[in-house]
Amino acid sequence: MILISNRPLADLPELRALATRIEVQRLEVTDAELAALMRSLAGQGYRLQGKLAIGAEECLKVTEHLLKECRAVGCPLDLRLQQKAFQSYLQFATDCSVSHWEDLVAASVREATCHFRHEANTASPEARKTRRRNVVRDIIGKVADAKEQEQLYTQQTGASRADFFRRKREVESGEFDDHDLA
Numbered sequence: 045m046i047l048i049s050n051r052p053l054a055d056l057p058e059l060r061a062l063a064t065r066i067e068v069q070r071l072e073v074t075d076a077e078l079a080a081l082m083r084s085l086a087g088q089g090y091r092l093q094g095k096l097a098i099g100a101e102e103c104l105k106v107t108e109h110l111l112k113e114c115r116a117v118g119c120p121l122d123l124r125l126q127q128k129a130f131q132s133y134l135q136f137a138t139d140c141s142v143s144h145w146e147d148l149v150a151a152s153v154r155e156a157t158c159h160f161r162h163e164a165n166t167a168s169p170e171a172r173k174t175r176r177r178n179v180v181r182d183i184i185g186k187v188a189d190a191k192e193q194e195q196l197y198t199q200q201t202g203a204s205r206a207d208f209f210r211r212k213r214e215v216e217s218g219e220f221d222d223h224d225l226a
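Sequence positions in the sequence shown follow the numbering used here and run 45 to 226.
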């Protein structure tokens with residue numbers, strides 16, 4: 045069985061247990077390596093239903109434009125974007141688009157950069173709550189004013205005001221002291 049993911053295994057007990065029973069390989073590809081692969085693929089042309097739809101020279105032109113757009117906005121290189129760029133070029137070349145293919149590619153790249161604005165938090169829900177309770181403990185130990193505590197909490201964690209009061213209640217109850225401070 046082979047599993048492929050764009051993200052590391054989440055820090056969940058079940059997945060940690062699974063990772064001890066299987067071979068886990070992490071492939072880190074540099075932008076230079078991915079750009080070289082994209083150019084190599086472009087050099088073969090773009091096939092649609094087994095037939096050559098776009099020649100190698102045109103595919104290289106599309107790929108270079110895609111690479112330039114990705115660098116301009118800081119978008120990670122992605123083979124799926126390359127396939128989409130070829131489709132946009134083909135759509136334009138066959139007069140099925142009123143927009144120029146370069147504009148379509150640029151729009152796809154900008155759209156791709158907007159999907160994830162924050163790093164994925166792979167910690168378990170309980171681990172995230174533990175971390176936030178510890179932030180509450182730290183703030184309560186340093187600041188007496190309740191309004192200022194709330195503001196500091198939301199700034200440091202990005203969590204809501206309601207979450208602050210939930211975690212504060214949990215801390216004040218002492219119920220999680222042994223668990224959190226272990």
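By construction, the Cβ of each residue, glycine as well, lies at the ideal position given by its N, Cα and C atoms.
Enclosing beta strand (DSSP E) for residue i [first to last residue]
i: residue 91; result: 90 to 92
Continuous alpha helix (DSSP H) stretch holding residue i: start and end
i: residue 81; result: 75 to 86
i: residue 153; result: 145 to 157
i: residue 47; result: Element bounds for residue 47: n/a, residue is neither H nor E.
i: residue 56; result: Here residue 56 belongs to no alpha helix (DSSP H), and DSSP marks it neither H nor E.
Check whether residue i and residue j have beta carbons under 8 Å apart
i: residue 121; j: residue 79; result: yes
i: residue 149; j: residue 110; result: yes
i: residue 211; j: residue 177; result: yes
i: residue 119; j: residue 171; result: no
i: residue 15; j: residue 117; result: Summary: the structure shown does not reach residue 15, with the chain confined to residues 45 through 226, and so no result is reported for it.
i: residue 107; j: residue 88; result: no
i: residue 27; j: residue 104; result: What the structure shows of the chain is the stretch from 45 to 226, and residue 27 is not part of that stretch, so it cannot be assessed.
i: residue 200; j: residue 179; result: yes
i: residue 174; j: residue 222; result: no
Own chain partners of residue i with C-beta closer than 8 Å, once the 5 adjacent residues on each side are dropped
i: residue 205; result: 194 and 198
i: residue 196; result: 183 and 187
i: residue 96; result: 89 and 90
i: residue 217; result: none
Close-in-space but distant-in-sequence residues of the same chain around residue i (CB under 6 Å, 5 per side omitted)
i: residue 100; result: 87 and 89
i: residue 129; result: 106, 110 and 149
i: residue 169; result: none
i: residue 145; result: 132, 133 and 136
i: residue 207; result: none
Neighbourhood of residue i by C-beta, 7 Å cutoff - its chain only, sequence neighbours within 5 removed
i: residue 75; result: 121
Three or more C-beta pairs closer than 8 Å, one from the segment 186 to 194 and one from the segment 129 to 136: is that the case here?
no
Closer than 8 Å is the cut-off here; do at least three beta carbon pairs connect the segment 85 to 94 with the segment 59 to 66?
No: the two stretches stay apart, fewer than three of their Cβ pairs being nearer than 8 Å.
Which parts of the segment 88 to 131 are runs of the beta strand (DSSP E), unbroken and 3 residues or longer, counting only runs that do not cross its ends?
90 to 92 and 95 to 98
Secondary structure, alpha helix (DSSP H): runs of 4+ residues fully inside the segment 176 to 221
Listed in chain order, the complete alpha helix (DSSP H) runs (minimum 4 residues) inside the segment 176 to 221 are 190 to 201 and 205 to 217.
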